[in-house]
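K.L.:
Structural data, given as structure tokens:
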């Protein structure tokens, strides 16, 4: 494992992105990858960079499109079309547009269709929190989980984020509707660990606690059985309904590539209608209470995202941990690209 | 088990409610109890009627208050105060106010503080769906679950509903963030059934698969471990923030009674910005696909709420199933009350 400074990570990824994007867009996209890793969300930061480059190379993501087009709107509700462009750049625009609309309308929703992978859900909730507003954002995905009651990949893990501003560091929940990411199961399998309950099927269609077998089959169940399955179906249908965008069924199987997701950005300007200082005080009261609970394990109970600022600071100070293999890919992708493009 | 017609159920409950409410309010509140049972949600229908009467008797719910007061607003975002009034009557007003606001503003949010128990979350989502709009509603509750990482009742089960109109019968997910209701665990315990994973603690603070022990201790974990716990914390903090209402911590333990919840009603008028017929067609496409999956059990895969219309029709035709004990309480509560009050 290497520790790479944030600045060095941005510079290296920017270099490879210059193959596909103009300088300002390449720089900011590199900041997004590095920033997500810096916040500790490695799965949707630098680790994902090589795959995103290959998606732009293959055309799964159209690097020529870096802005969405407004389709329609009424008051605080707008529909935009990303035309299969660069996911995180366009998702940020959608989040900021929702913030802008919520200033006037109190609450706003930008429903975005045909966007590429937005990387990390929490990023967009945090952008709203940075503007002093609450955020509810969700996306659909390809069908990477088996619906409860079936053995085929048939529903998405559809990440959802809930965010709330907080003076001492905003709170953010960023959650896919599977108990684990496949990447996490792979790591458990490498360590020889077993799951404590059967959350997927093996290739013979039998329920199993073996994470390696679930990775091989690609047949993981949603979290919480029928509840996660229902949540997944509704998030998919809501996201595709509000944007008139693609459903998980149309996006297809993981092997189809993951093209043209439906994404929803709801932003709530509660500070315009209630005393935000009083809200902050009662949030602290709950967090103090959670900290006071006798923990069953060492770490104790925390509010979602509460430790994010500390993780970010640590990585800015000590560098972002990245595997040698990923770093080699990042450096190789930038070789031979003139930064004066 | 008895089968009671919808009309008879309404008439019987109306009688008892006349002790506390004027005739029109008593009648409609009786319709809400009977309607929820008629939709198959027995836990938040007639079964809950005796307890609601005693909450009005004790003053936990103030039967003199049947309308909320508007506190503040900006565009589609409004804050209302229920002043500890009659929960479901006021929650319906909030849902309808959100629908009204969404007609003009595209999206609307009514944040309601100090409301009594709203009974069934899905009711309010369905009201929005009946108006052709999508709904996202959630409430906080008392601290009836243990946060992940602790052994004390410390977070709520905070039900959330997601609803989407559909020509063949609207879709609605109505989900608390526990895998089971305590009532369901009681039924499992009576049947001698065990859970397939340890989702709570016994009175000695040990994880257990015995539903009876979890009922005794009141120490159930949220669904999906840290994920349900995070979802619960965020729903509580969001609901109390948007309304500047009480947090789960202030509402307290189940033994404190469950007084003055914070509730959120988000309504999205997507039909104003996209072609609702095209949405309906792609929703059907997904539902057809879910039905086509090879089921692991007999029932197969369904979209949330898909069978609701059939359940309602069956109960309207054949009567609503209710235990003798509950029916006796309902009848007894109405005795000696003049319907000409």
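Residue numbers (my numbering), protein chains in the order written: chain A, 388 to 728; chain B, 388 to 728.
For each residue, glycine too, the CB sits at the ideal point set by N, CA and C.
Return helix, strand or coil for residue 598/B, following the three-state DSSP convention.
P.N.:
As a working mapping, residue 598/B is identified with position 211 in the second chain. Residue state, collapsed to three classes: helix.
K.L.:
Tell whether a beta-carbon distance below 8 angstroms holds between residue 482/A and residue 515/A.
P.N.:
One-based indexing of the first chain puts residue 482/A at position 95. One-based indexing of the first chain puts residue 515/A at position 128. Here residue 482/A is near residue 515/A, since their CB atoms are less than 8 angstroms apart.
K.L.:
Which residue from 443/B, 456/B, 575/B and 506/B puts its Cα closest to that of residue 432/B?
P.N.:
In the second chain, the residue the question calls residue 432/B occupies position 45. Of 443/B, 456/B, 575/B and 506/B, the residue nearest in Cα terms is 506/B.
K.L.:
Alpha carbon to alpha carbon, how far is residue 581/A from residue 572/A? Give it in angstroms, no decimals.
P.N.:
Counted from its first residue, the first chain places residue 572/A at position 185. Counted from its first residue, the first chain places residue 581/A at position 194. Computed Cα separation, rounded: 9 angstroms.
K.L.:
Which chain B residues are close to residue 566/A, counting only those with a beta carbon under 8 angstroms from its beta carbon?
P.N.:
Taking the first residue of the first chain as position 1, residue 566/A is located at position 179. Here the neighbours are 611, 612 and 614.
K.L.:
Tell me, please, whether the CB atom of residue 531/A is closer than 8 angstroms to any CB atom in chain B?
P.N.:
Locating residue 531/A in the first chain gives position 144, where the first residue counts as 1. So no, residue 531/A is outside the interface.
K.L.:
Quick test of your reading: residue 533/B and residue 545/B, contact by CB under 8 angstroms. State the CB separation rounded to the nearest angstrom.
P.N.:
Counted from its first residue, the second chain places residue 533/B at position 146. Counted from its first residue, the second chain places residue 545/B at position 158. Not quite, the Cβ-Cβ distance comes to about 14 angstroms (not below 8 angstroms), so this is no contact.
K.L.:
Once you ignore the five residues that flank residue 585/A on each side, which residues in its own chain have a CB closer than 6 angstroms to its CB?
P.N.:
Position 198 of the first chain holds residue 585/A. Cβ within range, chain order: 594, 595 and 596.
K.L.:
Could you compute how far the alpha carbon of residue 399/B sits from the alpha carbon of residue 470/A?
P.N.:
In the second chain, counting from the first residue as 1, residue 399/B sits at position 12. In the first chain, counting from the first residue as 1, residue 470/A sits at position 83. Residue 399/B and residue 470/A: Cα-Cα distance of roughly 58 angstroms.
K.L.:
I want to see whether chain B comes within less than 8 angstroms of residue 569/A, judged by CB atoms only; does it?
P.N.:
Along the first chain, read from residue 1 onward, the residue named residue 569/A stands at position 182. For residue 569/A, the closest Cβ of chain B is not nearer than 8 angstroms.
K.L.:
Using a 10 Å radius around the Cβ and a threshold of 16 neighbouring Cβ atoms, would you call residue 402/A buried or exposed?
P.N.:
Residue numbering aside, residue 402/A sits at position 15 when the first chain is read from its first letter. Residue 402/A should be labelled buried.
K.L.:
Checking 8 angstroms against the spacing of the C-beta atoms, do residue 560/A and residue 617/B come in under that value?
P.N.:
The residue labelled residue 560/A in the question sits at position 173 within the first chain. The residue labelled residue 617/B in the question sits at position 230 within the second chain. Their beta carbons are under 8 angstroms apart, which means residue 560/A touches residue 617/B by this criterion.
K.L.:
According to the neighbour-count rule (16 or more other Cβ atoms, all chains shown, within 10 Å of its Cβ), is residue 675/A buried or exposed?
P.N.:
As a first step, residue 675/A is located in the first chain; it is residue number 288 there, counting from the start. Classification for residue 675/A: exposed.
K.L.:
Could you check if residue 646/B is buried or exposed, using at least 16 other CB atoms within 10 Å of its CB as the buried criterion?
P.N.:
To locate residue 646/B, count along the second chain from 1; it is residue 259. With 16 or more Cβ atoms within 10 Å of its Cβ, residue 646/B is classed as buried.
K.L.:
Apply the 10 Å Cβ neighbour rule to residue 441/A and answer buried if 16 or more other Cβ atoms are within range, or exposed otherwise.
P.N.:
Taking the first residue of the first chain as position 1, residue 441/A is located at position 54. Per the 10 Å Cβ criterion, exposed.
K.L.:
In the DSSP assignment, what are the bridge partners of residue 588/B?
P.N.:
Residue mapping note: residue 588/B aligns to position 201 of the second chain, counting from 1. In DSSP, residue 588/B forms a bridge with 594/B.
K.L.:
Please identify the residue among 684/B, 648/B, 685/B and 426/B whose C-alpha is closest to the C-alpha of residue 513/B.
P.N.:
To locate residue 513/B, count along the second chain from 1; it is residue 126. Checked all of 684/B, 648/B, 685/B and 426/B; the closest Cα to residue 513/B is 426/B.
K.L.:
Using C-beta distances below 6 angstroms, list every residue in its chain close to residue 720/A, excluding the 5 sequence neighbours before and after it, in chain order.
P.N.:
Sequence index remark: in the first chain, residue 720/A carries index 333 (1-based). The answer, listed in chain order, is 403 and 440.
K.L.:
Check the C-beta distance from residue 466/A over to residue 498/A and give it rounded, since I have them as a contact under 8 angstroms.
P.N.:
Residue 466/A sits at position 79 when you count from the first residue of the first chain. Residue 498/A sits at position 111 when you count from the first residue of the first chain. About 5 angstroms separates the two Cβ atoms, so the contact holds.
K.L.:
Residue 550/B by DSSP, collapsed to three states: which one?
P.N.:
Indexing the second chain from 1 puts residue 550/B at position 163. The answer is strand: DSSP assigns residue 550/B an E or B state.
K.L.:
Which chain A residues are close to residue 495/B, counting only those with a beta carbon under 7 angstroms from its beta carbon?
P.N.:
As a position in the second chain, residue 495/B is number 108, starting the count at 1. Under the 7 angstroms cutoff, chain A gives 494.
K.L.:
For the segment 634-688 of chain B, which segments carrying the beta strand (DSSP E) assignment without a break, of at least 3 residues, lie completely within its bounds, in sequence order?
P.N.:
648-655
K.L.:
Checking contacts by CB at 8 angstroms: is residue 682/A closer than that to chain D?
P.N.:
The structure shown contains no chain D; the protein chains it does contain are A and B.
K.L.:
Listed in chain order, which residues of the segment 653-671 of chain B have Cβ atoms closer than 8 angstroms to some Cβ of chain A?
P.N.:
653, 655, 656, 657, 659, 660, 661, 662, 665, 666, 669 and 670
K.L.:
Applying a beta-carbon distance threshold of less than 8 angstroms, which residues of chain B neighbour residue 392/A?
P.N.:
By 1-based counting over the first chain, the position of residue 392/A is 5. Correct list: empty, because the minimum Cβ distance to chain B is about 31 angstroms.
K.L.:
Can you look up residue 486/B in the DSSP assignment and give me helix, strand or coil?
P.N.:
Position 99 of the second chain, counted from the first residue, corresponds to residue 486/B. Residue 486/B: helix per DSSP, three-state reduction.
K.L.:
Thinking just about the alpha-carbon of each residue, which of 692/B, 667/B and 417/B is nearest to the one in residue 437/B?
P.N.:
Sequence index remark: in the second chain, residue 437/B carries index 50 (1-based). Closest option to residue 437/B, Cα to Cα, is 417/B.
K.L.:
With C-beta atoms as the reference, is residue 508/B less than 8 angstroms away from residue 486/B?
P.N.:
Locating residue 508/B in the second chain gives position 121, counting from the first residue. Locating residue 486/B in the second chain gives position 99, counting from the first residue. Cβ distance not < 8 angstroms, so residue 508/B and residue 486/B don't count as in contact.
K.L.:
Rounding to the nearest angstrom, what Cα-Cα distance links residue 696/A and residue 543/A in this structure?
P.N.:
Here the question's residue 696/A lines up with position 309 in the first chain. Here the question's residue 543/A lines up with position 156 in the first chain. Roughly 30 angstroms separates the two Cα atoms.
K.L.:
Between the Cα of residue 612/A and those of 630/B, 538/B, 420/B and 566/B, spot the shortest distance and give me the residue it belongs to.
P.N.:
The count along the first chain starts at 1 and reaches residue 612/A at position 225. Checked all of 630/B, 538/B, 420/B and 566/B; the closest Cα to residue 612/A is 566/B.
K.L.:
Count the other CB atoms, across all protein chains shown, that sit within 10 Å of the CB of residue 577/B; report buried if there are 16 or more and exposed otherwise.
P.N.:
Start at 1 with the first residue of the second chain, and residue 577/B comes out as number 190. Flag for residue 577/B reads exposed.
K.L.:
When you compare only the Cα positions, how much space is there between residue 435/A and residue 574/A?
P.N.:
Locating residue 435/A in the first chain gives position 48, counting from the first residue. Locating residue 574/A in the first chain gives position 187, counting from the first residue. Residue 435/A and residue 574/A: Cα-Cα distance of roughly 16 angstroms.
K.L.:
Can you look up residue 426/B in the DSSP assignment and give me helix, strand or coil?
P.N.:
The count along the second chain starts at 1 and reaches residue 426/B at position 39. The three-state reading of DSSP puts residue 426/B in coil, since its state is none of H, G, I, E or B.
K.L.:
Between residue 588/B and residue 538/B, which are expected to be in contact by the criterion C-beta below 8 angstroms, what is the C-beta distance as a whole number of angstroms?
P.N.:
The count along the second chain starts at 1 and reaches residue 588/B at position 201. The count along the second chain starts at 1 and reaches residue 538/B at position 151. So it is a contact: roughly 6 angstroms between Cβ atoms.
K.L.:
Would residue 728/B count as contacting chain A if we go by Cβ distances under 8 angstroms?
P.N.:
As a position in the second chain, residue 728/B is number 341, starting the count at 1. Here residue 728/B scores only 44 on pLDDT, less than 50, and its place in the model should not be relied on; the value that follows carries that caveat. Residue 728/B does not count as touching chain A.
K.L.:
Within its chain, find whatever has a CB closer than 8 angstroms to the CB of residue 455/B; leave out the 5 residues flanking it on each side and keep chain order.
P.N.:
As a working note, residue 455/B is residue 68 in the second chain. Within the same chain, residue 455/B has close Cβ partners 467, 468, 469, 470, 472, 477, 480, 481, 499 and 502.
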